[in-house]
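With numbering that gives the first Met the number 0, letter number 111 in the sequence shown gets 110, and the count goes up by one each step, no holes. No residue lacks a Cβ here, since even glycine has one placed at the ideal position from N, Cα and C. Since the structure is predicted, the reported quantities are computational estimates derived from the model, not experimental observations. Presented below is the structure to which this report refers.
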Amino acid sequence: MSYAEHATELLPWLQTDYERLVELKASQKLAHAYLFGGQQGLGKLVLAKHFSHYLLCKSTQNNQPCGECRECQLLASGTHPDLKLIQPEDSSEIKIQQVRDSIHFISQTSQRGGYKIIIIAPAEALNVNSANALLKVLEEPSNNTLLILVSHQPALLMATIRSRCHLMKFNRPAPELVIPWLESKNIRASATELLRMAGNVPLRALHYADEDALHDRVVLHSVLEKLLQGEMDISEAAGQCEQFTLEDNIEAMMLCSSDILARNQVSDIKAAQTLHDHDLKNLSTFFQDRTRLKALHGFYQELLKARRAIASTSNPNRLLVLEGLFFSWSATIR
Ligand SMILES: [Zn+2]
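What follows is the structure, given as structure tokens:
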């Protein structure tokens, strides 16, 4: 279970967005449907849940849910009858029956006398049928209902759905907003380093802390180096990295490539300064000339493409994708 699925705290880098929503509610300008768009790991679902708790709490304090009233108790135990979280169940898709149930839910009177809220996460998991069924809810809003669609890839949603929601966009936060929060999570590794590895995506940084990612990264770097030296073949390399998810492997290779590119391109002085001196030193020595740097840049583009492809494919052949990427990586210095 990911952090976003059980946490409801107010994440410090989302405070401004939260206050904006509270303000909209206070001035009775809250829309009927919102689309929270932005890459995975920024805490969009945590915000959606925290704001829902605020809306349902009967004795909010300082614009925060009190955590003590009957509503808050029901929310904490996940049994509040007026909040529904729709996520893919046993497949990667949100099925039409789940949406039909939610239509039924929203058409009934609220059980606790306040808002009725549906959170759909991630909304790109709606298949064509369930998305069409959801349109019905979006087209005929009833009073005191709120729909929040959380999406890591808003572009994949049907245009008719997007156009009926108010879009709230989320970007990577400034590290100084995240580091104290990360440090408060009893992590063993350096918060700064984890966040850098995670490309400044906060919940991913926390995820890396859980899985001893510093060690994982050492493994990946050593595999990448052996591939360049011709000391390891591609299937062996894929085998060594199988313990990490394909997404993590891609993210780590993107970070590694962009670090090497920054290190070897004087034009990007600022990025180069953020590199640790010892970091990636061995790998970096392979990419001293222009041809190889150009090839590495091409490889980076390929990683971006692969990331998009696996996000929009329900069941990619992960081993094949990873082997293909390792093949391209090896080819950068030929
Ligand atoms: Zn409360």
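Name the residue from HIS206, LEU202 and LEU319 whose alpha carbon lies nearest to the alpha carbon of LEU394.
Nothing about residue 394 can be read from this structure; the chain reaches only from 0 to 333.
Per DSSP, which one or two residues make a beta bridge with PHE35?
Stepping through the sequence shown from its first residue, residue 35 is reached at position 36. Answer is VAL149 and MET167.
Per the DSSP calculation, LEU84 is bridged to which residue(s)?
Taking the first residue of the sequence shown as 1, we reach residue 84 at position 85. Looking at the DSSP assignment, LEU84 forms a beta bridge with ILE118.
Using the Cβ count rule (16 or more neighbours within 10 Å means buried), how would you classify GLY77?
The residue given as residue 77 occupies position 78 in the sequence shown. An exposed status is given to GLY77, since fewer than 16 other beta-carbon atoms sit within 10 Å of its beta-carbon.
Around the Cβ of HIS277, are there at least 16 other Cβ atoms within 10 angstroms (buried) or fewer (exposed)?
On the sequence shown, residue 277 is found 278 positions in, with the first residue counted as 1. Confidence at HIS277 is low in this model, with a pLDDT of 47, below 50, so the placement of that residue is unreliable and no value is reported for it.
Pull up the distance between the alpha-carbon of GLU235 and that of LEU148, whole angstroms please.
Residue 235 sits at position 236 when you count from the first residue of the sequence shown. Residue 148 sits at position 149 when you count from the first residue of the sequence shown. Answer to the nearest angstrom: the Cα atoms are 41 Å apart.
Contacting residues, own chain, Cβ-Cβ under 7 Å from ASP81 (five flanking each side not counted):
Taking the sequence shown and counting its residues from 1, the one referred to as residue 81 is at position 82. Excluding residues within five positions, the ones whose Cβ falls inside 7 Å are LEU55, SER109, GLN110, ARG111, GLY113, TYR114, LYS115 and ILE116.
For the alpha helix (DSSP H) holding PRO201, just list the boundary residues, first then last.
Working through the sequence shown from its first residue, we reach residue 201 at position 202. PRO201 -> alpha helix (DSSP H) spans 201 to 209.
How would you label SER141, buried or exposed, when you count the other beta carbons within 10 angstroms and need 16 or more for buried?
Taking the sequence shown and counting its residues from 1, the one referred to as residue 141 is at position 142. Exposure of SER141 is indicated by the presence of fewer than 16 other C-beta atoms within 10 angstroms of its C-beta.
Let me check understanding here. Comparing Cα to Cα, which of LYS293, ILE249 and ASP16 lies closest to LEU324?
For this step, residue 324 is matched to residue 325 along the sequence shown. Selected option, being the one with the closest Cα: ILE249.
SER101 Cβ short of 7 Å to ligand 1 heavy atom set:
As a working mapping, residue 101 is identified with position 102 in the sequence shown. The answer is no for SER101.
For ALA270, which residues of its own chain have a beta-carbon under 7 Å away from its beta-carbon, when the five flanking residues on both sides are left out?
Locating residue 270 in the sequence shown gives position 271, where the first residue counts as 1. Confidence at ALA270 is low in this model, with a pLDDT of 48, below 50, so its placement is unreliable and no value can be given for it.
First and last residue of the alpha helix (DSSP H) that includes PRO354?
This structure cannot settle anything about residue 354, because the visible part of the chain is limited to 0 through 333.
Just the C-alpha distance for GLY37 and SER150, rounded to the nearest angstrom, thanks.
Start at 1 with the first residue of the sequence shown, and residue 37 comes out as number 38. Start at 1 with the first residue of the sequence shown, and residue 150 comes out as number 151. Cα-Cα distance, rounded: 7 Å.
With a cut-off of 8 Å on the beta carbons, I'd call ALA124 and ILE160 a contact; round off their distance for me.
Sequence index remark: in the sequence shown, residue 124 carries index 125 (1-based). Sequence index remark: in the sequence shown, residue 160 carries index 161 (1-based). Not confirmed; about 13 Å, so no contact.
Nearest-angstrom Cα separation, counted from ARG333 out to ILE118:
Taking the sequence shown and counting its residues from 1, one reaches residue 118 at position 119. Taking the sequence shown and counting its residues from 1, one reaches residue 333 at position 334. Going by the C-alpha atoms only, they are around 50 Å apart.
For SER266, three-class secondary structure by DSSP:
Position 267 of the sequence shown, counted from the first residue, corresponds to residue 266. Here the model assigns SER266 a pLDDT of 49, short of 50, so the residue's position is not dependable and the matter cannot be decided.
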